[in-house]
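Q: Residue numbers (our numbering): 2 to 328.
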C-alpha cells in the first residue's frame, strides 16, 4: 500500500449547491521517509546530548579527584626532598645533593605540568575559576618582576621596563593576570640567548591597557604564529624539548586573556625576536567564567597522542628530562 495525501474539494454550481467533488491523491512516500529519518536523528541527538552531559559531569569529578590525588603526594615528595636538602635526615655527599637537586627540579616541572593540564581542562569545560576584583596593574607587574628576575639572572638576561606610572586600575582576576605575565616572561627568558634582554611595557590605550613582552630570541615563523596558541603545539619540537615544556602555556594564557574579554597577539621575525601583546579592557563587558572555550580552534591542531609508548621511548624521555634538569 502506498501512503497518500488525500485532498477532497467540493465542486459547486451557480446556486452554491454541491454537484461534485474534486479529489487529489498525492504520493507522500518520500515525505514519510524524511519524517522517519528526522525522528531517528532527533532520537540519536538526544542520546548524544545525554551522553555529553554525563561525560561533562565525569570530567568535573575527574578534575576534583586529580587535583587532590596527584597534588597531595606531590606535596609529600617535595617535603621530603626539602628535608634531605637541609640535611635533616643525615649528611649527604655532593653526588647525592646533585641527584636530589635534579629530583626537585623535575618535581617542580611535574607540578607545573599538572597545573597546566588542569587549567586546560577547566578552560575547555568552562569551569576555570575567574574571580574579578579591582586590581592595581602596576603592583601586579612589580610582583611578577620580583618573581622572574632571579630566573632571568641565571641566564644573565636583563629585564627592562617601560611602564606608564599612571596606569588605571583594571577589573580582573589578580592571580590569573599574574599567571599570564609569568607565562609570557618565562617563555621570553626560555627562548632568549644568554646575555640578552627583555622589555616589558604597559600603557593605557583608550578604554584598555596594553601589556607587551618583547624578546630578542630566535623568533617565530609567520606561518606558525597563530598555531602557537593551540595546546601542545611547539614551533620546533626538537628545540622546545631541549628547553622543556609541552606547549600548554600559551594556550592557557590565551584562554585566561579571552576569559577577561581581552585579546592576545604576537609580532615576530625569525632571528630577531618576538613581541606578545595583551590587551585587557579596563571594565570588561562581562567575565566569561562560565563560558566554554574551544581550546582546539582548528581540528588539524589536535595533537596525536600515543597512549602506548614503548619501554625504550619511556626510557629516552626520562633521560632527556633528567638531562634538561641538570642544565
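Beta carbons: idealized from backbone N, C-alpha and C, even for Gly. For clarity, every value in this text was computed on a predicted model and none was experimentally measured.
Could you give the DSSP three-state label for residue 120: helix, strand or coil?
A: Reduced to three states, the DSSP call for residue 120 is helix.
Q: State the beta-bridge partners of residue 21 as determined by DSSP.
A: Bridge partners of residue 21: 12.
Q: Pick helix, strand or coil for residue 63, following the three-state DSSP scheme.
A: DSSP places residue 63 in helix when its eight states are reduced to three.
Q: If you draw a straight line from the C-alpha of residue 235 to the C-alpha of residue 250, how long is it?
A: Each residue's alpha carbon lies about 11 Å from the other.
Q: Using the Cβ count rule (16 or more neighbours within 10 Å means buried), how would you classify residue 120?
A: Flag for residue 120 reads buried.
Q: Please look up how many angstroms separate the CB atoms of residue 217 and residue 198, rounded, as I've assumed it's under 8 Å.
A: Indeed, because the Cβ distance is near 7 Å, the residues count as touching under 8 Å.
Q: Have a look at residue 303 and residue 124 and give me their C-alpha separation to the nearest angstrom.
A: Reliability of the predicted coordinates at residue 303 is poor, the pLDDT of 39 falling under 50, and no value is obtained from them.
Q: My assumption, with CB atoms under 8 Å, is that residue 101 sits in contact with residue 82. Please give the rounded CB distance.
A: With a Cβ gap of about 6 Å, residue 101 and residue 82 count as contacting.
Q: Which residues share a DSSP beta bridge with residue 234?
A: Answer by DSSP bridge pairing: none, since residue 234 is not bridged.
Q: Can you find the residues in the same chain that come closer than 6 Å, C-beta to C-beta, to residue 268, ignoring five residues on each side of it along the sequence?
A: If we look at residue 268 and ignore the five residues flanking it on each side, its Cβ neighbours are 276.
Q: Return the bridge partner residues of residue 222 from the DSSP annotation.
A: None; residue 222 has no bridge partner.
Q: Rounded to the nearest angstrom, what separates residue 295 and residue 212 at their Cα positions?
A: With a pLDDT of 48 at residue 295, under the threshold of 50, the modelled position of this residue cannot be trusted, and the question is left open.
Q: Judging by CA-CA distance, which residue of 196, 160 and 194 is the nearest neighbour of residue 182?
A: Checked all of 196, 160 and 194; the closest Cα to residue 182 is 160.
Q: Rounded C-beta distance between residue 19 and residue 9? I'm assuming under 8 Å.
A: Rounded, the Cβ-Cβ distance is 11 Å, inconsistent with contact.
Q: Is residue 267 near the ligand GTP, in the sense that its beta carbon is under 6 Å from a heavy atom of that ligand?
A: The ligand GTP is not among the ligands present in this structure, which contains no ligands whatsoever.
Q: With H, G and I counted as helix, E and B as strand and the rest as coil, what does DSSP make of residue 91?
A: Residue 91 falls in the coil class under three-state DSSP.
Q: When we look at the beta-carbon of residue 137 and count the other beta-carbons within 10 Å, is it buried (16 or more) or exposed?
A: Exposed: under 16 other Cβ atoms inside 10 Å.
Q: Please classify residue 31 as buried or exposed, where buried requires at least 16 neighbouring CB atoms within 10 angstroms.
A: Its Cβ having fewer than 16 others within 10 Å, residue 31 is exposed.
Q: Counting only C-beta atoms, is residue 30 closer than 7 Å to chain D at any point?
A: Of the chains in the structure shown, none is chain D; there is only one protein chain.
Q: Among residues of its own chain, excluding the 5 on either side of residue 148, which ones have a beta-carbon nearer than 6 Å to its beta-carbon?
A: So no residue of the chain qualifies.
Q: Name the one or two DSSP bridge partners that residue 173 has.
A: Beta-bridge pairing links residue 173 to 134.
Q: Can you round the beta-carbon distance between residue 5 and residue 27 to whole angstroms, since I take them to be within the 8 Å contact cut?
A: The pair is a contact, with the Cβ atoms about 6 Å apart (cut-off 8 Å).
Q: So, for residue 139: in the same chain, excluding its five sequence neighbours on each side, which residues have a beta-carbon less than 6 Å away from its beta-carbon?
A: Around residue 139: 168.
Q: Just confirm the distance between the C-beta atoms of residue 209 and residue 280, as a whole number of angstroms; I'd bet it's less than 8 Å.
A: Indeed, because the Cβ distance is near 5 Å, the residues count as touching under 8 Å.
Q: Name the residue from 285, 132, 248 and 260 whose alpha carbon lies nearest to the alpha carbon of residue 118.
A: Taking only the C-alpha atoms, the option nearest residue 118 is 248.
Q: Please classify residue 40 as buried or exposed, where buried requires at least 16 other C-beta atoms within 10 Å of its C-beta.
A: Per the 10 Å Cβ criterion, exposed.
Q: Residue 3 lies in the alpha helix (DSSP H); which residues open and close that run?
A: Where residue 3 is concerned, there is no enclosing alpha helix (DSSP H), given that its DSSP letter is neither H nor E.
Q: Assuming residue 257 and residue 177 form a contact by the criterion Cβ under 8 Å, report the distance between their Cβ atoms to the nearest whole angstrom.
A: That belief holds up - the Cβ atoms of residue 257 and residue 177 are roughly 5 Å apart, short of 8 Å.
Q: Using CA coordinates, which residue listed in 13, 111 and 144 is at the minimum distance from residue 72?
A: Of the candidates 13, 111 and 144, the one whose C-alpha sits nearest the C-alpha of residue 72 is 111.
Q: Going by C-alpha to C-alpha distance, which of 131, 222, 164 and 106 sits closest to residue 146?
A: Considering only alpha carbons, the answer is 164.
Q: Looking at the secondary structure, which residues open and close the alpha helix (DSSP H) in which residue 254 lies?
A: Per DSSP, residue 254 belongs to the alpha helix (DSSP H) from 250-260.
Q: How would you label residue 261, buried or exposed, when you count the other beta carbons within 10 angstroms and need 16 or more for buried?
A: Burial call: buried.
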